[in-house]
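As numbered in the numbering used here, residues 741 to 982 make up the sequence shown, in order. Idealized CB from N, CA, C, for every residue including glycine. A quick note: this is a predicted structure, and the numbers were derived from the prediction, not measured. Written out below as structure tokens is the structure these notes cover.
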Amino acid sequence: MNDLPASSEAIALEGVVFGWRRGHDIIRVTQLTVNRGERVFVRGASGSGKSTLLSVIAGVAKARQGQVRVLGQDIGSFSSARRDAFRADRMGVVFQMFNLVPYLTVLENVLLPLRFSAARRRRVEAAGGSPATEARRLLLRLGLAEDLVTSRRATALSVGQQQRVAVARSLIGAPDLILADEPTSALDADARNAFIDLLLQECAKHASTLLFVSHDTSLAKHFDRTIDLAEINAALPYRDAA
């Protein structure tokens, strides 16, 4: 599926320390390992550093100390531009704030990763479908009506609908690693179940690794194992962390 160095580990953190402000560490993780193909649930209360941990793994934030290896690459040694390109090619990220582009349609938002990553576009085309067809498939599987998919802008959707668009965007192009930050927080029970089913099926289909963080412990049963963030993060709780 990819041309990255052979490694059994999708994520390997060692001695990682990070804080948005010096003197206020949010993350202090001695060791965290997630193997390729694993589906891992990370539970943590609000303010425990869940979003920050994902930001460090995604390369959005750079650790002040320690090593962050993702898919066999030491991303801490990358420039900011190289981290961005690596994330675009190899990761699907469901941000807690969705980060949809308000002036684009639903379909255009989902297709956006393919504009930044030729590798993800090639994977869609290699599977025998067009990008638009694949985007529509994901959106319809998540329960969005056809008229919303083709004509609505992101700002015209409800919060729950926007969250489903963000999820579809993260899945398109079969990324090697999916990082999901509270991806079911705005979904009702039916939409949540449809999302979990689709997410796990897509990960199995493409042998993608999944790191899913949430405070909703009822979801943990769907995953290979559960990590309690409070047990691996030695930093004191910080009010502004998420």
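Of the candidates K802, I766 and F758, the residue whose Cα lies closest to the Cα of S819 is K802. Taking 9 Å as the cut-off, the beta carbon of F758 is found closer than this to the beta carbon of I767. For the 9 Å CB-CB criterion, L938 and H962 do not form a contact. Beta-bridge partners assigned by DSSP to R965: V780. Pairwise C-beta distances place the region 777-794 in contact with the region 943-957, as three or more of them are shorter than 8 Å. Take the alpha-carbon of R881 and the one of V907: they are about 11 Å apart. In the DSSP assignment, D916 falls outside any beta strand (DSSP E), carrying neither H nor E. T792: member of the alpha helix (DSSP H) spanning K790 to A798, first to last residue. In the structure shown, the three-state DSSP call for Q902 is helix. Between F856 and the set A828, R863 and T770, the nearest pair of CA atoms involves A828.
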